[in-house]
Structure formats: C-alpha cells, structure tokens
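Student: Note that the numbering used here numbers the sequence shown so that position 218 is 260, with each residue one more than the last.
Backbone N, C-alpha and C define an ideal beta-carbon position, used for all residues, glycine too.
Have a look at this one.
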Amino acid sequence: ARKCGGRVLVMDESSGDGGLASEGGLTNYWECNISPATVFTPRELFEMLSLEGLRVQFHRVPITDEQAPQEKDFDTVLGAMRAGYKQSPGFACVFNCALGRGRTTSGLVIACVAWRSIVGDKYHGETWDVDAMKRLELDAGAKANLEWAEFDAVVKVCQHVRSGVDRKVFVDCVINQCSHMQNLRTDIYAMALQAQNAPSAKKREALLRRGEGYLERYIYLLLFNEYCCEVHDIRSSLYMAGHKAGSFKDWIEEQSQAGLQLYQLLDGLDLTNGGGSRWRLE
C-alpha cells in the first residue's frame, strides 16, 4: 500500500458466468485509501474477532497452489472439524486462499466429505442427490466420461476401495455443489483440452502439469471419502465397535500394502499417453 500510493490490488468474484476461461469468475480492481495500519493477515483478523468475544479458531494449512493437499493436510482439516463439532455442533467453517478459488474450493470439498462422516444420517437430504448423479454418470457418453473423470487411474482407485462407484458419485456430488468458483473434476479435462491447443511447448507443458495436479487432487478426494466412510463414519462397523481411528496418512500406507500402489499410480499420471495408470483423450 505504501509503495502504490495507498492502493492495493484485490481479487473479487466477477458477475460473469464464472467459467474456466474467466479464471473462475475472478476480477481484480484497485482498493484505494489503504494504509499499513488497515491491512491485516488472516491470523490477525481472527485474533481481533476473538478479542471481541467471538468464538473463533484459526487454522493454517499450507498447500501448494494447483496441487493436491498432502495427506497430513486432510488429517488437519478433519481433526479441526471433529474438535469444532465436539465443542459446538452448530459450528461453521470458513476457507480462504490467495485468490479464493482452487485451494478454497478444495477445502470446501474436504470439509463436506468430512462433515458427513461426523454427523452421519443427519447429513443426508435433498442437497446431495446421489442417485440422480449416479444415473447421469452411467448414461454419459465417451467424451462425457472424461468430464466425469472416468480416467484409468480413477477407475483403478474405485476398483480397490469398497463401494468405489458410490464413493466417487458422492464426491462428484460434493464437487458440483462447491463449484461456484472452480469445478475440481471437469477442470482436469479442460486442462488437457487447453494443452492440446497451446500456442507453445512451454505453455503446453505447464497446462499438462497443472492438469496432472488436478487429477492427483481428485484421486486423493476419492480416497479421503473412503477413509472417512470406513474409519470415521458414525454409521460404520469399525466406529460402532470402538475402533481407534488412525490418521489418513497411516490409512493410505495400509492401502498401499493391500495392493493399491498409490504412489506408483500418481507417479505415472500423464495426460498425453494412454497406458497403465495413464488416460487418453479419445
């Protein structure tokens, strides 16, 4: 603000259609009459609210832009939500990142998946019409299958986990519901299409790497949903039997020992080739 004469460039939601071409419906503008005394970090804002008597907690989960959260990041969000629900069942979550788009949307989806496992049947309602979503996916054509993330690597994950199709359909439901700024599923295919028409090899490579990061993030969301349903869901047999839940990170290692070979699968992601864990644009 001091360098720019009391101005700060900020991002806000645009009034457009919010598609990928417009970078998630974001627009930037200059906010004027700003001074160092009126600029605060998120942590400082939460501390100010707490001093005013509001019951708020601040959690920082550093995630690389355009990449999948790490396994420990899922554990952090789930742990914070379970603690919040224990203190106050009517608590709310607020997520933000640099632009309020990719990582914010990831946080929303993770929270929705975690929330269902925390509250169980009370969560079910018209908001998540899983049966209707399943019919849409089953009726999809060849091109639409890619838009529904029917990639080889995703299919392998769904085959490994119990009720894999149902797990995927619920995640897709949540993603659609949280897609105001970005759709974490359809943007995978969109990145591949943009890469095909990229003006330069450098731009093409950047788009492919971004798309692979999106695909990895999607796979982790599927696995996190399975983990929550299997280990944390209050309706599950393990939960009802008093099973002490391990971390998502530990659960991932158990799945690898059970034959998933997740890290080899992720290392093989390639949006340009159709073999093994790779997928093709045909």
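If the criterion is Cβ atoms closer than 9 Å, does the pair M223 and R252 meet it?
Tutor: No; because the gap between Cβ atoms is not below 9 Å, this pair is not in contact.
Student: Going by DSSP, what residue range makes up the alpha helix (DSSP H) through I217?
Tutor: Per DSSP, I217 belongs to the alpha helix (DSSP H) from G206 to Q219.
Student: Give the single residue among W190, R204, R145 and Y262 whose Cα lies nearest to the Cα of I14.
Tutor: Outside the shown range of the chain, which is 43 to 324, sits residue 14, and nothing can be said about it.
Student: Considering only the beta carbon of each residue, do F137 and A153 sit closer than 9 Å?
Tutor: Going by C-beta atoms, F137 is nearer than 9 Å to A153.
Student: Near N75, what residues of its chain come up, given a Cβ to Cβ distance below 6 Å and the 5 sequence neighbours on each side ignored?
Tutor: Cβ within range, chain order: G48.
Student: Taking only beta-carbon positions, decide if G310 is within less than 9 Å of chain D.
Tutor: Judged by its chain identifiers, the structure shown contains no chain D, having just a single protein chain.
Student: State whether the segment 80 to 87 contacts the segment 256 to 269, with contact taken as three or more CB pairs (one from each stretch) at a distance under 8 Å.
Tutor: Result no; under three Cβ-Cβ pairs closer than 8 Å.
Student: State yes or no: is the C-beta of E254 within less than 9 Å of the C-beta of D194?
Tutor: Their beta carbons are not under 9 Å apart, which means E254 does not touch D194 by this criterion.
Student: Could you tell me which residues DSSP pairs with M53 in its beta bridges?
Tutor: DSSP output for M53 lists N70 as bridge partner(s).
Student: In three-state terms, what does DSSP make of N267?
Tutor: If DSSP states are grouped into helix, strand and coil, N267 belongs with the helices.
Student: Does DSSP put M223 in a helix, a strand or coil?
Tutor: Three-state result, M223: coil.
Student: For A237, count the other beta carbons within 10 Å of its own beta carbon; 16 or more makes it buried, fewer makes it exposed. Which is it?
Tutor: Burial call: buried.
Student: Assuming V119 contacts C270 (C-beta within less than 8 Å), just tell me the rounded distance between them.
Tutor: About 11 Å; that fails the 8 Å criterion.
Student: In the DSSP assignment, the alpha helix (DSSP H) including I294 goes from what residue to what residue?
Tutor: From DSSP, the alpha helix (DSSP H) with I294 extends over F290 to Q299.
Student: Could you pull the start and end residues of the alpha helix (DSSP H) that P84 belongs to?
Tutor: Run containing P84: P84 to L93, per the alpha helix (DSSP H) assignment.
Student: Report the three-state DSSP secondary structure of P78 (helix, strand or coil).
Tutor: In this structure, P78 counts as helix in the three-state DSSP scheme.
Student: Between the alpha carbons of R209 and C46, how many angstroms are there, rounded?
Tutor: Computed Cα separation, rounded: 49 Å.
Student: Compute the distance between the beta-carbons of E268 and V203, then report whether it is under 9 Å.
Tutor: Contact flag set, yes.
Student: Of all the options K245, Y256, L302 and L51, which has the alpha carbon lying nearest to the alpha carbon of E108?
Tutor: Per the Cα distances, Y256.
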